[in-house]
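A.B. asks:
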Amino acid sequence: MTFLSVRTLLYTLFSVIFIYFFVFCDNQENQNDFSENLNNSELVNIQTQDKSETQDESETQDESETQDESETQDKSETQDELINSYPFELIDSSGETIKFTESPNRIVAFDSAALETIFELGEGEKIVGTHDFVAYPPEAEKITRVGGAFNMNIEAIIGLNPDLVFIFSDQNLNDLRNAGLKVLYIESLNNDFTKISDEIKMWGRILDAELKAEDIIFDFENRLKNIEKAVENINIKQSIFQDVGGLWTPGPNTLVGEVFDLLNSNNIAYDVDGYVQISREIIVDRNPDIIITLDIESITKDPAFNDINAVSNNRVYSLSSDALSIGGPRFIEGIEELAQLIYSENIDSFLTTK
Amino acid sequence: MNKQIFIQRKKNYLYDNFKVYWIIFLSFSLLLIGCIAVCIGSVNIPILELIGIIYDKIFGYHNSNTNFDVIIFKIRIPRVLLAGIVGFALAMSGATYQGLFRNNLADPYLIGVASGAGLGATIIIVSPLPIYFGIINVLPFGAFLGAISCVMLAYFISYKSNSLTLTTLLLAGIAISSICGAITALLMIGSDPDIRPVLSWLFGSFTSARMEHVILVLIYVIPSFLIILGFSRYINILQLGEDHAMLLGVNIEYVKKALIVSASLATAGAVSFCGLIGFVGLIAPHMVRLIWGTDYRYLIPLSSLVGAIFLILADLIARTILGSSELPVGLVTAFCGGPFFLFVLRYQMRYRFK
Numbered sequence: 005m006t007f008l009s010v011r012t013l014l015y016t017l018f019s020v021i022f023i024y025f026f027v028f029c030d031n032q033e034n035q036n037d038f039s040e041n042l043n044n045s046e047l048v049n050i051q052t053q054d055k056s057e058t059q060d061e062s063e064t065q066d067e068s069e070t071q072d073e074s075e076t077q078d079k080s081e082t083q084d085e086l087i088n089s090y091p092f093e094l095i096d097s098s099g100e101t102i103k104f105t106e107s108p109n110r111i112v113a114f115d116s117a118a119l120e121t122i123f124e125l126g127e128g129e130k131i132v133g134t135h136d137f138v139a140y141p142p143e144a145e146k147i148t149r150v151g152g153a154f155n156m157n158i159e160a161i162i163g164l165n166p167d168l169v170f171i172f173s174d175q176n177l178n179d180l181r182n183a184g185l186k187v188l189y190i191e192s193l194n195n196d197f198t199k200i201s202d203e204i205k206m207w208g209r210i211l212d213a214e215l216k217a218e219d220i221i222f223d224f225e226n227r228l229k230n231i232e233k234a235v236e237n238i239n240i241k242q243s244i245f246q247d248v249g250g251l252w253t254p255g256p257n258t259l260v261g262e263v264f265d266l267l268n269s270n271n272i273a274y275d276v277d278g279y280v281q282i283s284r285e286i287i288v289d290r291n292p293d294i295i296i297t298l299d300i301e302s303i304t305k306d307p308a309f310n311d312i313n314a315v316s317n318n319r320v321y322s323l324s325s326d327a328l329s330i331g332g333p334r335f336i337e338g339i340e341e342l343a344q345l346i347y348s349e350n351i352d353s354f355l356t357t358k
Numbered sequence: 460m461n462k463q464i465f466i467q468r469k470k471n472y473l474y475d476n477f478k479v480y481w482i483i484f485l486s487f488s489l490l491l492i493g494c495i496a497v498c499i500g501s502v503n504i505p506i507l508e509l510i511g512i513i514y515d516k517i518f519g520y521h522n523s524n525t526n527f528d529v530i531i532f533k534i535r536i537p538r539v540l541l542a543g544i545v546g547f548a549l550a551m552s553g554a555t556y557q558g559l560f561r562n563n564l565a566d567p568y569l570i571g572v573a574s575g576a577g578l579g580a581t582i583i584i585v586s587p588l589p590i591y592f593g594i595i596n597v598l599p600f601g602a603f604l605g606a607i608s609c610v611m612l613a614y615f616i617s618y619k620s621n622s623l624t625l626t627t628l629l630l631a632g633i634a635i636s637s638i639c640g641a642i643t644a645l646l647m648i649g650s651d652p653d654i655r656p657v658l659s660w661l662f663g664s665f666t667s668a669r670m671e672h673v674i675l676v677l678i679y680v681i682p683s684f685l686i687i688l689g690f691s692r693y694i695n696i697l698q699l700g701e702d703h704a705m706l707l708g709v710n711i712e713y714v715k716k717a718l719i720v721s722a723s724l725a726t727a728g729a730v731s732f733c734g735l736i737g738f739v740g741l742i743a744p745h746m747v748r749l750i751w752g753t754d755y756r757y758l759i760p761l762s763s764l765v766g767a768i769f770l771i772l773a774d775l776i777a778r779t780i781l782g783s784s785e786l787p788v789g790l791v792t793a794f795c796g797g798p799f800f801l802f803v804l805r806y807q808m809r810y811r812f813k
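Chain order of the listed sequences is A and B. Each position in the first sequence, counted from 1, maps to that position plus 4 in the working numbering. Each position in the second sequence, counted from 1, maps to that position plus 459 in the working numbering.
1) From which residue to which residue does the alpha helix (DSSP H) around B:G632 run?
2) Please name the residue in A:L342, A:K186, A:S283, A:I204 whose C-alpha comes closest to that of B:G782.
3) Looking at C-alpha atoms only, which residue of B:D754, B:L758, B:V479, B:L741 is the closest neighbour of B:L801?
4) Let's see if you can read the secondary structure: which residues bound the alpha helix (DSSP H) around A:Q344?
5) Once you ignore the five residues that flank B:S501 on each side, which residues in its own chain have a CB closer than 7 Å to its CB?
6) Can you pull out the residues from the region 284-296 of chain A whose beta carbon lies closer than 8 Å to at least one beta carbon of chain B?
7) Excluding the 5 residues preceding and the 5 following B:M746 in the sequence, name in chain order all residues of the same chain whose CB lies nearer than 8 Å to its CB.
8) Under the rule that 16 or more other beta-carbon atoms within 10 Å means buried, what is A:E214, buried or exposed?
9) Let's see if you can read the secondary structure: which residues bound the alpha helix (DSSP H) around A:S316?
10) If the cut-off is 9 Å on Cβ atoms, which residues from the region 226-252 of chain A count as contacting chain B, listed in chain order?
11) Taking C-beta pairs closer than 9 Å, name the residues in chain A that B:V572 reaches, listed in chain order.
12) Would you kindly report the start and end of the unbroken beta strand (DSSP E) that includes A:T134?
13) Per DSSP, what kind of secondary structure is A:N165 in: helix, strand or coil?
14) Are there 16 or more other CB atoms within 10 angstroms of the CB of A:D289, so buried, or fewer, so exposed?
15) So which residues of chain B does A:N271 contact, with C-beta pairs closer than 8 Å?
16) Within the continuous alpha helix (DSSP H) that includes A:T1, where are the two ends?
17) A:D275 versus chain B: which residues are under 7 Å apart at the beta carbon?
18) Please report the distance separating the alpha-carbon of A:S107 from that of A:Y90.
19) What are the residues of the region 156-177 of chain A that lie near chain B, defined by any Cβ-Cβ distance shorter than 8 Å?
20) Can you find a CB in chain A that lies within less than 9 Å of the CB of B:G500?
21) First and last residue of the beta strand (DSSP E) that includes A:T253?
22) Nearest to A:L193 by alpha carbon, out of A:I204, A:L185, A:A183, A:G184?
23) Do the CB positions of B:S636 and B:G734 come within less than 9 Å of each other?
24) Are there 16 or more other CB atoms within 10 angstroms of the CB of A:T198, so buried, or fewer, so exposed?
25) Taking a cut of 7 Å between CB atoms, which residues from the region 295-322 of chain A lie near chain B?
26) For A:G152, would you say it is in contact with chain B, using Cβ-to-Cβ distances shorter than 9 Å as the test?
27) To the nearest angstrom, how far is it from the Cα of A:I231 to the Cα of A:E127?
28) State the Cα-Cα distance for the pair A:T297 and A:N291, rounded to the nearest angstrom.
29) Which of helix, strand or coil does DSSP assign to A:T76?
30) Taking DSSP as the reference, what is the three-state secondary structure of B:F662?
31) Anything in chain A within Cβ reach of B:N526, meaning under 9 Å, just list it in chain order.
32) Looking at chain B, is there any beta carbon in it that lies within less than 9 Å of the beta carbon of A:I282?
33) Starting from A:F92, follow the beta strand (DSSP E) in both directions and report where the run begins and ends.
34) Who are the neighbours of B:V529 on chain A, taking C-beta pairs under 7 Å?
35) Tell me, please, whether the CB atom of A:D136 is closer than 9 Å to any CB atom in chain B?
36) Which of the three DSSP states, helix, strand or coil, is assigned to B:I536?
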């Protein structure tokens with residue numbers, strides 16, 4: 005009977021992981037709560053403060069900021085002193101109220117998007133720990149790693165003595181809180197990429213770098229608008245299929261699915277929920293014009309896919325970075341790359357940066 | 460007295476003949492179910508069109524609608540064939556192991572095939588090497604190598620002075636399974652968090668079935684089937700125990716080696732292309748045993764056919780029930796096979812003790 009129990013254990017393990025992933029992909033309901041919380045409690049506050057400043061001042065600051073960073077940092081500090089935003093409170097995804105009395109100095113950012121946001125805000129040196137799979141930015145290489153999603157090393161996190169731990173799933177939430185750490189738990193974005201700017205705003209608020217955050221958001225939304233403008237006039241809708249490995253593909257209510265909508269292209273997986281493994285019959289039948297995949301040969305070498313448009317027109321691509329899989333400030337780069345792949349030279353003039 | 464024995468023999472002969480008719484009947488139903496499975500899929504192809512396409516193919520006309528053509532000949536037919544052959548192989552190996560180990564809990568994955576194949580596949584998926592080497596998909600070969608090396612290890616551990624101890628083989632298989640399972644889990648934890656391809660492989664899937672796969676699996680399955688069928692009389696004798704079998708003049712070492720090698724090869728070949736599909740190898744022989752008795756000369760072909768039919772139907776459910784996306788077939792076999800098997804068990808118990 006021993007072998008039965010061992011196998012049962014293994015099967016149970018796998019099924020638990022599997023179910024975990026399903027739960028992971030499908031929690032969009034709480035997401036709305038989070039953004040509402042943000043909008044209602046905090047961000048309204050910021051906006052009113054911005055209005056109280058004279059517009060001319062902020063504009064001149066923006067200009068000077070591009071020229072000299074150190075100066076503007078000083079300025080923004082003085083600005084924040086004037087605003088005197090601390091202490092403030094923030095409601096996270098678990099419904100807990102987190103109080104910030106000062107800007108945290110030792111952060112464990114257990115989330116790629118948060119890490120990228122913090123680095124983008126120029127506060128990267130405040131991160132003391134992150135998870136095992138962070139690949140961007142290069143400066144993050146040196147940061148201590150404290151495990152992956154399934155094996156978070158809580159002792160190591162405590163050993164880093166952080167004054168803020170940011171996590172994207174509630175798996176170890178209670179353990180971390182019981183250890184006396186200040187934990188901010190915000191679920192990672194599964195849909196509605198416009199909320200990325202809410203997260204950037206939140207980090208700007210926490211790290212006392214609101215002006216910088218406003219800059220990033222301005223840039224993000226500006227580039228987004230440019231793409232929208234470019235795509236507006238294109239009448240021919242091209243169908244697209246993204247393979248994230250083993251023919252798993254994002255449905256319309258995922259971050260990437262929404263990007264396909266934004267880019268005025270038809271996702272061939274329009275009738276699915278979250279990420280699914282799509283059947284090859286459907287791919288052949290819906291005949292995508294463009295395929296985005298990790299491994300180009302797995303598509304082009306498949307005899308069943310010989311006749312589909314993407315393969316016969318040589319339009320099977322793989323993305324150069326993982327920007328589209330992380331809902332952080334780099335997401336816009338992913339959108340731009342995708343736009344370039346779909347529309348090639350037609351869109352170049354609209355992409356202002358890079 | 461003589462007359463009674465004669466009548467008994469005649470009855471046995473008739474009863475055996477009925478089993479031969481059952482084999483013929485099941486072969487025809489397998490064919491029929493295979494044809495039905497080709498007609499149904501996530502892409503709806505009208506039956507008249509389908510007949511037309513097959514007619515055109517047979518008589519060499521070129522059909523205008525290439526989409527349906529590709530779907531039927533390059534996706535569905537290989538898939539149904541592979542499902543049938545894999546079900547056939549798994550049920551056959553399951554029946555062989557159950558007879559050989561005289562253990563009702565034995566299934567084709569008993570002596571390390573599954574965990575070895577799982578480990579091989581996980582190494583290939585997790586490693587940064589491309590899954591395609593030229594036009595050859597490396598994944599099945601990795602899985603096959605893993606499966607065969609695990610069985611070999613267990614085999615040579617239990618091999619002493621020219622004889623094979625079945626108990627040691629079983630225990631060695633269990634130990635090796637646990638080790639491989641642990642390494643697989645470790646690799647999964649240590650790899651990128653997006654392990655959906657590994658998961659769908661571990662639950663079994665016929666998504667990437669191709670005609671080449673069918674032929675490669677057949678190369679293992681046909682010789683194994685012939686060998687096992689040839690030795691099935693000795694499995695009957697082995698039911699008396701190894702000592703009795705030896706006294707009856709059976710070269711049991713030879714029989715054991717031949718059966719284990721051929722059953723393992725068939726399982727490894729089957730598993731390497733479609734992942735770990737549970738339950739088929741366990742329930743098909745049991746169902747056959749409950750309905751048609753324990754004579755292994757008939758049990759092996761009957762359970763192979765039942766396994767093939769069962770897996771074709773399970774795969775049909777797996778690829779159609781979610782519309783355009785796929786379900787791992789291992790989940791379907793467990794969901795449908797489990798309750799059905801319980802029903803058969805209960806029914807048989809009532810019948811037996813009436």
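Ideal Cβ positions, reconstructed from N, Cα and C, are used throughout, including at glycine.
C.D. replies: Reading from the atomic positions:
1) 625-649
2) A:S283
3) B:L741
4) 335-347
5) R778, T779, G782, S783
6) R284, E285, I286, V288, D289, N291
7) S762, V765, F800, V803
8) buried
9) 313-316
10) V248, G249, G250, L251, W252
11) Those do not exist, as B:V572 stays about 12 Å from chain A at its closest Cβ, beyond 9 Å.
12) 131-134
13) coil
14) buried
15) Chain B residues near A:N271: none, gap ~11 Å exceeds 8 Å.
16) Given that chain A is displayed from residue 5 to residue 358, the structure contains no residue 1 of chain A and the question cannot be resolved.
17) G782, S783
18) 8 Å
19) none
20) yes
21) 252-254
22) A:I204
23) no
24) exposed
25) D299, E301, S302, K305, P307, A308, D311
26) yes
27) 29 Å
28) 15 Å
29) Only weak support exists for where A:T76 lies, its pLDDT of 44 falling under 50; the value from the coordinates is given anyway. Note: A:T76 maps to helix in three-state DSSP.
30) coil
31) V288, D289, N291, D311, I312
32) yes
33) 92-95
34) V288, A308, D311
35) yes
36) helix
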